[in-house]
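Numbering (the working numbering), first residue to last: 3 to 181.
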């Protein structure tokens, strides 16, 4: 005796497809659980603005720390803040869950409040109709943050945050190489 189609479980997906859909959901959940959690601290420094500048970053993962830094002869503080974040995220070899700590309201607010995405959509024009500065760096940064699960944290500069203070020291040392 043949089963009628009415006795089958109703579904908008064929049986095979529904099983693969479950597999995809499990796989995606597994991938999300297995993301590495990395804390990234960044800072930029500039003498003159524009003038000689430096940036520093500390990446922390499972008790290990990596310090990176660099500088330029003629730049701005905001460019150094952005470069620090870009350089830190470029160190990550795979998508991660990233806690970004910065004392730059410019960076944190533009990312967390999606201002930079809005500037890009409007051809790098801000809501006040003025051009958004540093679109070359923002473009790179937006691409990088899209690859990770980002959490943004503003920290008070020159305060009690050990890692922010270390980033500041790295940035100042790089800046001073150009003076």
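Every residue, glycine too, gets a C-beta built ideally from N, C-alpha and C.
Worksheet entry | Nearest residue (CA-CA) to residue 174, options 66, 129, 151 and 49 | Of the listed residues, the one whose Cα sits closest to residue 174 is 49.
Worksheet item: Is DSSP giving residue 96 helix, strand or coil here?
Response: coil
Worksheet item: Can you tell me whether DSSP reads residue 126 as helix, strand or coil?
Response: In the structure shown, residue 126 sits in coil (DSSP, three-state: anything other than H, G, I, E or B).
Worksheet item: Thinking C-beta only, is residue 63 closer than 8 Å to residue 87?
Response: no
Fill in: Whole-angstrom distance between residue 104 and residue 16, CA atom to CA atom
At residue 16, the pLDDT of 44 sits below 50, so the modelled position is not reliable; the number obtained from the coordinates is stated separately. Cα to Cα, the separation comes out at about 50 Å.
Worksheet item: Per DSSP, what kind of secondary structure is residue 116 in: helix, strand or coil?
Response: In the three-state DSSP reduction, residue 116 falls in the coil class, being neither helix nor strand.
Worksheet entry | Host beta strand (DSSP E) of residue 39 (start-end) | Residues 38 to 48.
Practice prompt. Going by DSSP, name the residue or residues bridged to residue 104.
Written response: 44 and 156
Fill in: Status (buried if at least 16 other CB within 10 Å, exposed otherwise) for residue 93
exposed
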